[in-house]
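Here the protein sequences come in this chain order: A and B. Sequence positions in the first sequence follow our numbering and run 23 to 226. Sequence positions in the second sequence follow our numbering and run 23 to 226. Note that beta-carbon positions come from the ideal geometry of N, C-alpha and C, so glycine has one too. Comments concern the structure below.
There are 2 protein chains.
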Amino acid sequence: MASAARRIASTELSASEARWISLKKLTYIDQEGKERVWEYAERKTRKSSVVDAVAIFAILRSKTNAFPPSTVIVEQYRPPIDRVVIELPAGLVDEHETPEDAAKRELTEETGYVGTKIIETSPIIVCDPGMTNANMKLITIEVLMEHELTTPDQHLDTGEHIVRRVVDLEYLESVLKEYDNKGYVVDARLFHLAAGYAMATRLK
Amino acid sequence: MASAARRIASTELSASEARWISLKKLTYIDQEGKERVWEYAERKTRKSSVVDAVAIFAILRSKTNAFPPSTVIVEQYRPPIDRVVIELPAGLVDEHETPEDAAKRELTEETGYVGTKIIETSPIIVCDPGMTNANMKLITIEVLMEHELTTPDQHLDTGEHIVRRVVDLEYLESVLKEYDNKGYVVDARLFHLAAGYAMATRLK
């Protein structure tokens with residue numbers, strides 16, 4: 023029977039043992055010609071793709087306006103945080119896969135929804151540029167439905183536990199704050215998207 | 023004379039040498055009771071504060087509507103990316119400082135603008151929860167001006183090179199895409215904020 027995931031131990035990892043991440047020290051010349059050093063963490067998985075990951079901003083709409091423009095978010099246990107984190111659907115880009123194909127694949131795997139149109143692909147954007155070189159693209163995908171909101175089956179891998187939730191865009195920011203109140207943690211990128219959406223609504 | 027910053031070397035760093043970041047291996051129990059491991063990177067700076075950093079979403083407004091609602095973004099060389107990255111003003115929270123005080127301080131240091139009101143403080147949000155435990159808060163601050171947009175002096179530390187730019191919120195997403203076209207790199211959180219803002223405008 024499924025129960026809550028939880029951390030049981032955390033230990034220092036030596037560089038030689040690490041399989042997924044490496045620690046790096048870089049030397050750079052600053053704007054005044056002075057040599058300086060900086061520490062950061064790097065993924066070992068980037069390979070031939072220049073993009074580590076994609077996140078999907080799905081716009082769920084009804085041809086008959088049977089429901090308001092909505093998006094789909096996911097709840098997933100994240101070991102580094104040791105909590106269930108609320109995020110946009112997302113995933114790593116496989117080798118020989120375009121970011122758009124990765125986005126369509128991940129959206130369907132994690133949520134069941136099938137994108138009907140790629141609305142927009144962001145530039146390559148960086149996740150925490152003071153600390154890592156990790157990067158990604160944000161792909162906006164329209165999911166157009168004939169009428170009412172349907173709830174298709176997810177296609178999760180064995181061992182993947184992802185709960186999806188459809189949210190009216192107008193209430194996205196307040197839904198995220200409710201999650202925080204209930205002990206979940208919200209991803210910063212998703213929260214920034216919601217804050218931008220809410221501010222545009224407030225300033226109109 | 024100031025010139026462009028640039029990386030000159032990057033080497034593997036051993037765990038014992040690292041001062042700012044550590045590599046960790048954690049063990050957790052998944053939802054099916056299976057023991058699994060996960061690698062992640064952790065900042066060594068969190069100390070007593072539970073929040074690593076703040077970013078500032080400044081809303082620049084005119085009492086006489088002499089200019090449209092705008093925000094201020096910063097251009098800054100980031101060694102892990104080896105490019106100038108476009109971000110919201112941001113910084114680490116000092117010990118014994120509230121996130122709101124850190125946000126006001128960083129906004130004034132990096133941009134010169136003085137917040138007139140804290141509009142909103144986000145929950146603690148996580149930056150890249152598959153890879154690190156780094157967290158932050160997004161603080162929305164109003165900067166109300168009597169009339170026209172003024173351009174106050176920055177208060178940068180020695181060795182800090184930060185260029186600020188005021189952007190009409192309506193054009194934020196397109197300004198960020200222009201930066202990308204010119205060889206700059208945009209921070210993912212800022213881009214998500216802009217994408218949310220733009221989508222709300224498009225759906226109205």
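Determine the contact status of residue i and residue j, defining contact as a CB-CB distance below 9 Å.
{"i": "arginine 186/B", "j": "threonine 133/B", "result": "yes"}
{"i": "glutamate 195/A", "j": "alanine 216/A", "result": "yes"}
{"i": "threonine 154/B", "j": "arginine 65/B", "result": "yes"}
{"i": "arginine 211/A", "j": "leucine 178/A", "result": "no"}
{"i": "arginine 207/B", "j": "arginine 105/B", "result": "Sequence check: residue 207/B is valine here, not arginine. Yes, the Cβ-Cβ distance between valine 207/B and arginine 105/B is below 9 Å."}
{"i": "glutamate 170/A", "j": "serine 36/A", "result": "no"}
{"i": "glutamate 34/B", "j": "lysine 47/A", "result": "yes"}
{"i": "glycine 218/A", "j": "tyrosine 193/B", "result": "no"}
{"i": "valine 107/B", "j": "aspartate 175/B", "result": "no"}
{"i": "proline 145/B", "j": "aspartate 202/A", "result": "yes"}
By how many angstroms is the C-alpha of residue j removed from the C-alpha of residue i?
{"i": "methionine 23/A", "j": "lysine 56/B", "result": "Low confidence applies here, because methionine 23/A scores a pLDDT of 44, under 50, leaving its location unreliable; read the following figure in that light. Going by the C-alpha atoms only, they are around 11 Å apart."}
{"i": "valine 76/A", "j": "methionine 158/A", "result": "5 Å"}
{"i": "threonine 86/B", "j": "aspartate 190/B", "result": "16 Å"}
{"i": "glycine 205/B", "j": "serine 25/B", "result": "16 Å"}
{"i": "leucine 225/A", "j": "tyrosine 50/A", "result": "42 Å"}
{"i": "glutamate 97/A", "j": "glycine 137/B", "result": "35 Å"}
{"i": "glutamate 61/A", "j": "leucine 198/A", "result": "32 Å"}
{"i": "isoleucine 140/A", "j": "isoleucine 184/A", "result": "23 Å"}
{"i": "phenylalanine 213/B", "j": "glutamate 128/A", "result": "21 Å"}
{"i": "serine 38/B", "j": "glutamate 39/A", "result": "14 Å"}
{"i": "glutamate 4/B", "j": "threonine 180/A", "result": "The question about residue 4/B has no answer here: the residues shown for chain B are numbered 23 through 226."}
{"i": "glutamate 200/A", "j": "glutamate 200/B", "result": "35 Å"}
{"i": "valine 115/A", "j": "tyrosine 135/A", "result": "19 Å"}
{"i": "isoleucine 30/A", "j": "isoleucine 30/B", "result": "41 Å"}
Quick one, which of the options has its alpha-carbon nearest residue i's?
{"i": "leucine 166/B", "options": "Glu61/B, Ile81/B, Glu54/B", "result": "Ile81/B"}
{"i": "threonine 130/B", "options": "Tyr201/B, Glu117/B, Glu142/B, Gly113/B", "result": "Gly113/B"}
{"i": "glutamate 54/A", "options": "Glu182/B, Val188/B, His169/B, Leu225/B", "result": "Glu182/B"}
{"i": "valine 188/A", "options": "Asp52/A, Lys204/A, Glu34/A, Pro111/A", "result": "Pro111/A"}
{"i": "glutamate 142/B", "options": "Lys126/B, Tyr135/B, Pro174/B, Asp209/B", "result": "Lys126/B"}
{"i": "isoleucine 147/B", "options": "Glu109/A, Ile30/A, Lys47/A, Val96/A", "result": "Glu109/A"}
{"i": "alanine 63/A", "options": "Gly137/A, Asp209/A, Cys149/A, Ala26/A", "result": "Cys149/A"}
{"i": "threonine 172/A", "options": "Ser38/A, Val94/A, Ser32/A", "result": "Val94/A"}
{"i": "alanine 156/A", "options": "Ser71/A, Ser25/A, Ile103/A", "result": "Ser71/A"}
{"i": "aspartate 123/A", "options": "Glu97/A, Val96/A, Val73/A, Ile103/A", "result": "Val73/A"}
{"i": "proline 102/B", "options": "His214/B, Ser32/B, Lys199/B", "result": "Ser32/B"}
Kindly give me the distance between the Cβ atoms of residue i and residue j, rounded to whole angstroms, as I take these residues to be in contact under 8 Å.
{"i": "arginine 100/B", "j": "proline 151/A", "result": "4 Å"}
Would you say the beta carbon of residue i is closer than 8 Å to some non-hydrogen atom of the ligand COA?
{"i": "glutamate 119/A", "result": "Summarising the ligand content, the structure contains no ligands, and the ligand COA is consequently not present."}
Query raised in the report: Is the segment 70 to 80 of chain A close to the segment 163 to 180 of chain A, with three or more CB pairs under 8 Å?
Result: yes
Query raised in the report: Should the segment 87 to 96 of chain B be called in touch with the segment 29 to 49 of chain B, which here means at least 3 C-beta pairs below 8 Å?
Result: no
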